[in-house]
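Since the structure comes first, as structure tokens, the remarks are kept for the end.
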Amino acid sequence: MEELELIVASVKQEMDAAIKHLEHAFQKIRAGRASTSMVQDVMVEYYGAPTPLSQVANVSVVDAMTLSIQPWDRTALGAISKGIVNSNLGFAPSNNGDVIIINVPPLTEERRRELARQAKGETDQTKVTIRNARQEGNKELKRLDGVAEDLIKGVEKDIQDLTDAYVKKADEHLKVKEAEILKV
1 MEELELIVAS VKQEMDAAIK HLEHAFQKIR AGRASTSMVQ DVMVEYYGAP TPLSQVANVS
61 VVDAMTLSIQ PWDRTALGAI SKGIVNSNLG FAPSNNGDVI IINVPPLTEE RRRELARQAK
121 GETDQTKVTI RNARQEGNKE LKRLDGVAED LIKGVEKDIQ DLTDAYVKKA DEHLKVKEAE
181 ILKV
């Protein structure tokens, strides 16, 4: 019985991780407003080592369309600008010698649709991960010896219910993100 509960807990944990990954991916997809999460994954070549932007500078939101990046070491300004350009975020950083300013351009209708497709792709990938977790859980159940078949069928149903709930949760996240992206 304990093995069955362990399998269900493992499947649930994998599904939780998939949803967390989706939420993280959605933070990177901008929805027209400036956010510090837009540049959180930018890597900067700092003293010869790739370093996350958050470890070399303070990133803040000035207004709805502007980010300000204040490096702790002014010699890193060029490396930060280069890291932002190389990250393919579509931003053109401007450097005034003290801070880097990023003006977030308004989204065009075409770009909004492209971002909505990207969000849908992330959601589809999350659903695949959720279904793979279900499949792995069911395989683990089949490997168990000496467990009554009706118990295994009950646990399979529980795993399927979890799968349905997490797929629904992923779809709800997508609905919210699409509304946020497509709102002008």
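Under the UniProt record's numbering, the sequence shown has 114 at position 114, and the numbering climbs by one with no breaks.
Glycine is no exception: its CB is placed at the ideal position from the N, C-alpha and C atoms.
Quick caveat, the model's predicted, so the values are computed rather than measured.
Per-residue burial, residue i [other beta carbons within 10 Å of its own, 16 or more giving buried]
i	result
Thr75	exposed
Ala133	buried
Val176	exposed
Thr66	exposed
His24	exposed
Val99	buried
Gly137	buried
Contact check, residue i vs residue j, beta carbons under 8 Å
i	j	result
Gln70	Ala57	yes
Leu151	Leu22	no
Met43	Thr51	yes
Lys127	Val167	yes
Ile29	Leu107	no
Leu53	Val59	yes
Same chain, Cβ closer than 7 Å to residue i, neighbours up to 5 away in sequence not counted
i	result
Thr163	Ile130, Arg131 and Arg134
Gln27	Ser37
residue 212	The shown model of the chain, from 1 to 184, leaves out residue 212, and the question about it has no answer.
Glu14	Ala133
Glu77	According to the sequence provided, residue 77 is Leu. The question's Glu does not apply to it. Here the set comprises Pro71, Asn95 and Ile100.
Residues bridged to residue i (per DSSP)
i	result
Tyr46	Ala49
Asp63	Thr66
Ala57	Pro71
Nonlocal neighbours in the same chain, by C-beta distance under 8 Å from residue i, ignoring five residues either side
i	result
Gln118	Ile29
Nonlocal neighbours in the same chain, by C-beta distance under 6 Å from residue i, ignoring five residues either side
i	result
Thr123	Ala170 and Leu174
**Request:** Enumerate, from N- to C-terminal direction, the unbroken beta strand (DSSP E) stretches of 3 or more residues contained entirely within the segment 88-136.
**Result:** 100-103
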